[in-house]
Amino acid sequence: MAASSKNPERIVELRQSEVPVPWCDEFEKMISGMNFNTGNSQEMMEYKLATKRKLLSFNDDNIPEGSTLASLKSRRMAVAKEMFGKLGHDVTIEPPFFLLWGCNIFIGNNVYMNREVSIHDNALVTIGDGVLIGPGVCICPGTHAADMQSRRDAQGTSFALPIRIEADCWIGARATILPGVTIGRGATVAAGAVVIKDVEAETLVGGVPARFIRSLKDAST
1 MAASSKNPER
11 IVELRQSEVP
21 VPWCDEFEKM
31 ISGMNFNTGN
41 SQEMMEYKLA
51 TKRKLLSFND
61 DNIPEGSTLA
71 SLKSRRMAVA
81 KEMFGKLGHD
91 VTIEPPFFLL
101 WGCNIFIGNN
111 VYMNREVSIH
121 DNALVTIGDG
131 VLIGPGVCIC
141 PGTHAADMQS
151 RRDAQGTSFA
161 LPIRIEADCW
171 IGARATILPG
181 VTIGRGATVA
191 AGAVVIKDVE
201 AETLVGGVPA
211 RFIRSLKDAS
221 T
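Counting in full-length UniProt numbering, the sequence shown runs from 1 upward without gaps.
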């Protein structure tokens, strides 16, 4: 269910962003988990368009003569630095990659994202140090009410809940992380899993919906 009022704590957290944020009433509603509509804000529409341009540049697959893998990565990550709210050291993001805003995504150090990762960041998305994200992973904070009448009453709006992936997690290929989920430190999400609730630290989960498989504490492999 969407929140009924703004959340000062989430707004304060986002003020730590290292890139500009399209602050306005509608954006604060979005970050707070209230129903919102980007079309209600000129600031948000302009910001989203500018982000699309940056994303096109990031995903540019042209390989100029004389390029190296290192130079291609350097060019992409220079663009990424202009998009993400926080971007740590030694981060690799393989193209193609998708996001909505960028300013709502905080990434730690030594993070690796494989190709075709999508982050629909209508809420804060926090990715801790040392996280590995497999190809085709979808991190999706945005949602709607489940019942038809509530969606009609919302009149084209949606809402979103924060997602947090703590340090040293591994998210397997094609996994989906749904709104409001926290994945605890050192957890592993199996390929293709759909995570609908919090995952305890140092556990392995998998399936649709994702369920506990085993503890990873003191694991030798």
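Backbone N, C-alpha and C fix where the C-beta goes; we use that ideal spot for every residue, glycine too.
Check                                                                                                                                               : Outcome
Classify Ala154 as helix, strand or coil using the three-state DSSP reduction.                                                                      : coil
Would Ile119 pass as a contact of Ile139 if the rule is Cβ separation under 7 Å?                                                                    : yes
With a threshold of 7 Å between beta carbons, is Arg185 in contact with chain D?                                                                    : Among the chains in the structure shown there is no chain D, since it carries only a single protein chain.
Counting only the same chain and skipping the five closest in sequence on each side, list residues whose C-beta sits under 6 Å from that of Thr188. : Trp170 and Leu204
Would you check if the distance between the CB atom of Met34 and the CB atom of Ala3 is smaller than 7 Å?                                           : yes
Closest to Leu216 by CA distance: which of Val199, Asn62 and Gly134 is it?                                                                          : Val199
Using beta-carbon positions only, say whether Gly136 and Arg76 come within less than 7 Å of one another.                                            : no
Can you pull the DSSP bridge partners for Arg211?                                                                                                   : Gly206
Mind reading off the beta-carbon distance from Glu26 to Ile11? Whole number of angstroms is fine, and I expect it under 8 Å.                        : Incorrect: roughly 13 Å between the Cβ atoms, too far for contact.
Using a threshold of 7 Å, state whether the C-beta atoms of Leu124 and Asn104 are closer than that.                                                 : yes
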